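To keep things clear, I will list the structure first and then write my remarks on it.
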Amino acid sequence: MKEVQKVKVMAEDLRSGMYVSGLDRPWLETPFLLQGFLLETDDDVKQVRQYCEFVYVDIAQSINFEGLKHIKPVERRERPADITKHLFPHRTKQPYQDTAKLEEELPRAKQAVTDLTRAMSTLMDDIGKNKKLDMKAVKEAVDPMIESMMRNPDACVWLARMKTKDSYTYRHSVSCSIWAVALGRQLGLPKTDLKTLAQGGLLFDIGKVKLPDELLTKKERLSPEEFEVIKSHVSEGVELLRVTPDVTRHILQMAEYHHERYDGSGYPKGITGDEIPVFARIIGVIDCYDAITSERPYAKPMSPSEAVRNLYEWRDIDFQAEIVEEFIQ
Numbered sequence: 006m007k008e009v010q011k012v013k014v015m016a017e018d019l020r021s022g023m024y025v026s027g028l029d030r031p032w033l034e035t036p037f038l039l040q041g042f043l044l045e046t047d048d049d050v051k052q053v054r055q056y057c058e059f060v061y062v063d064i065a066q067s068i069n070f071e072g073l074k075h076i077k078p079v080e081r082r083e084r085p086a087d088i089t090k091h092l093f094p095h096r097t098k099q100p101y102q103d104t105a106k107l108e109e110e111l112p113r114a115k116q117a118v119t120d121l122t123r124a125m126s127t128l129m130d131d132i133g134k135n136k137k138l139d140m141k142a143v144k145e146a147v148d149p150m151i152e153s154m155m156r157n158p159d160a161c162v163w164l165a166r167m168k169t170k171d172s173y174t175y176r177h178s179v180s181c182s183i184w185a186v187a188l189g190r191q192l193g194l195p196k197t198d199l200k201t202l203a204q205g206g207l208l209f210d211i212g213k214v215k216l217p218d219e220l221l222t223k224k225e226r227l228s229p230e231e232f233e234v235i236k237s238h239v240s241e242g243v244e245l246l247r248v249t250p251d252v253t254r255h256i257l258q259m260a261e262y263h264h265e266r267y268d269g270s271g272y273p274k275g276i277t278g279d280e281i282p283v284f285a286r287i288i289g290v291i292d293c294y295d296a297i298t299s300e301r302p303y304a305k306p307m308s309p310s311e312a313v314r315n316l317y318e319w320r321d322i323d324f325q326a327e328i329v330e331e332f333i334q
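So in our numbering, the last one in the sequence shown is 334, and the numbering has no gaps at all.
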């Protein structure tokens, strides 16, 4: 298999005839849902410039490389000694210890994840029928998974990595809920925060229930107008959660800010760095990782190792470096 020869190219230096093989941000943050495409027209070039500061161009598949310029590498900040204290200055780190072996925990984890998946499917069906969101059902659904993760996180995490053929939307929500608790446990957050991460991981993308199925399952590149509709899932989700009793401020923030990016390139507000609430920064990383490692209508999944390499490249651009590095752990 021939090795891909890639170079970084500033967006203003792009020309038709270049083959874009990678972006300066996750593909799911743009309308370019096919991962790799030839810039055939000036309109294609303009659309890439609208979303990206730079891209990666595959020399072998390009028919025009005029004007290529390399960008300067992103400067990295010094890593704090205590990441948990840095992210959560008012929390006391919890010393979690495994109390069950993987083989012992796996049957309980399977039941917890099965029940959680079933509950999420019912929840989304109800919302699709304009019924109210049942937060009591959400809390009851995530609690067995949290208890399993506290005993031994490996079982649920292993299940989250087993990609099934279920509906991507609710399977993605369940996986994100598991990954969020895993990262919270890794950071030593108290159980109350693990519950927040579990519930928020299940609900942050709930606004997609209000979007047309034909857009969510479209295999071709989205038009700018269609991409704006996709982006509206944030406001749809926030509106739904605002009127739901017992939705905490942190869960609401996870829905409202999970597409904000560390360098200010996200949406809907374009805020940067620590302006993005920390729970939203966490779920943003997890949302991206689970999405790019999943089978979606418009993209093949990346391997976990490839996804991790991409997350590492995107640290302090799209995502806070400390959260990315702790998630990789």
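For glycine and all other residues, C-beta sits at the position ideal for the given N, C-alpha and C. Since the structure is predicted, the reported quantities are computational estimates derived from the model, not experimental observations.
With DSSP collapsed to three states, give me the class of A160.
Here residue 160 refers to the residue found at position 155 of the sequence shown. The three-state reading of DSSP puts A160 in helix, counting H, G and I together.
Less than 9 Å between the beta carbons of H255 and D292, yes or no?
For the purposes of this step, residue 255 is taken as residue 250 along the sequence shown, with counting starting at 1. For the purposes of this step, residue 292 is taken as residue 287 along the sequence shown, with counting starting at 1. No.
Roughly how far, in whole angstroms, is the beta-carbon of T253 from the beta-carbon of K213, given that I think they are within contact range, below 8 Å?
Locating residue 253 in the sequence shown gives position 248, where the first residue counts as 1. Locating residue 213 in the sequence shown gives position 208, where the first residue counts as 1. That belief does not hold up - the Cβ atoms of T253 and K213 are roughly 21 Å apart, past 8 Å.
Express the C-alpha separation of E330 and L257 in angstroms, rounding to a whole number.
Working through the sequence shown from its first residue, we reach residue 257 at position 252. Working through the sequence shown from its first residue, we reach residue 330 at position 325. The straight-line gap from Cα to Cα measures roughly 25 Å.
Tell me where the alpha helix (DSSP H) around D131 begins and ends.
Looking up residue 131 in the sequence shown gives position 126. Following the DSSP letters along the chain, one finds D131 inside the alpha helix (DSSP H) bounded by residues L107 to G133.
DSSP state of D101, grouped into three classes?
To locate residue 101, count along the sequence shown from 1; it is residue 96. It is Tyr, not Asp, that sits at residue 101 in the sequence shown. For Y101, the three-state secondary structure derived from DSSP is coil.
For L125, I'd like the list of residues in its chain whose CB is within less than 8 Å of its CB, leaving aside the five on either flank, ordered along the chain.
In the sequence shown, residue 125 corresponds to position 120, counting from 1. Per the sequence shown, residue 125 should be read as Met rather than Leu. Only A146, Y175, S178, V179 and L207 meet the Cβ criterion.
For a test of the three-state rule: what should DSSP assign to V62, helix, strand or coil?
Counted from its first residue, the sequence shown places residue 62 at position 57. Here V62 sits in strand by DSSP.
D148 versus M155: straight-line alpha-carbon distance, rounded:
Your numbering for residue 148 matches position 143 in the sequence shown. Your numbering for residue 155 matches position 150 in the sequence shown. The alpha-carbon atoms of D148 and M155 are separated by roughly 11 Å.
Using a Cβ distance threshold of 8 Å, determine whether the stretch 213-232 contacts the stretch 108-123, with at least three qualifying pairs required.
The count of Cβ pairs closer than 8 Å, one atom from the stretch 213-232 and one from the stretch 108-123, stays below three, leaving the stretches out of contact.
Leaving out the 5 sequence neighbours to the left and right, which residues in its chain are closer than 8 Å to F324 when beta-carbon positions are compared?
Taking the sequence shown and counting its residues from 1, the one referred to as residue 324 is at position 319. Excluding residues up to 5 positions away in sequence, R266, Y267, R286, G289, V290, C293 and L316 lie with their Cβ nearer than 8 Å to the Cβ of F324 in the same chain.
How far does the beta strand (DSSP E) with K13 in it reach, from first residue to last?
Looking up residue 13 in the sequence shown gives position 8. Start and end: K11 to M15.
May I ask you to report which of helix, strand or coil DSSP gives G27?
Here residue 27 corresponds to residue number 22 of the sequence shown, with the count starting at 1. Reduced to three states, the DSSP call for G27 is strand.
Endpoints, alpha helix (DSSP H) assigned at V290
Along the sequence shown, one-based indexing puts residue 290 at 285. It spans V283 to I297 - the alpha helix (DSSP H) in which V290 sits, taken as one unbroken run.
DSSP-derived helix/strand/coil call for F332
In the sequence shown, the residue the question calls residue 332 occupies position 327. Correct three-state label for F332: helix.
Is I322 near the ligand NAD, judged by its Cβ being under 8 Å from some heavy atom?
Absence of the ligand NAD is noted for the structure shown, with no ligands found whatsoever.
Expressed to the nearest angstrom, what Euclidean distance is found between the alpha-carbon atoms of R88 and L188?
Indexing the sequence shown from 1 puts residue 88 at position 83. Indexing the sequence shown from 1 puts residue 188 at position 183. Strictly speaking, residue 88 in this sequence is Ile, with Arg absent from that position. In this model, I88 and L188 are separated by some 12 Å (Cα to Cα).
Measure the alpha-carbon distance for D18 versus F332 and round it to whole angstroms.
Position 13 of the sequence shown holds residue 18. Position 327 of the sequence shown holds residue 332. Going from the Cα of D18 to the Cα of F332 covers about 34 Å.
Close-in-space but distant-in-sequence residues of the same chain around I297 (CB under 6 Å, 5 per side omitted):
Position 292 of the sequence shown, counting from 1, holds the residue named residue 297. Within the same chain, I297 has close Cβ partners M307 and A312.
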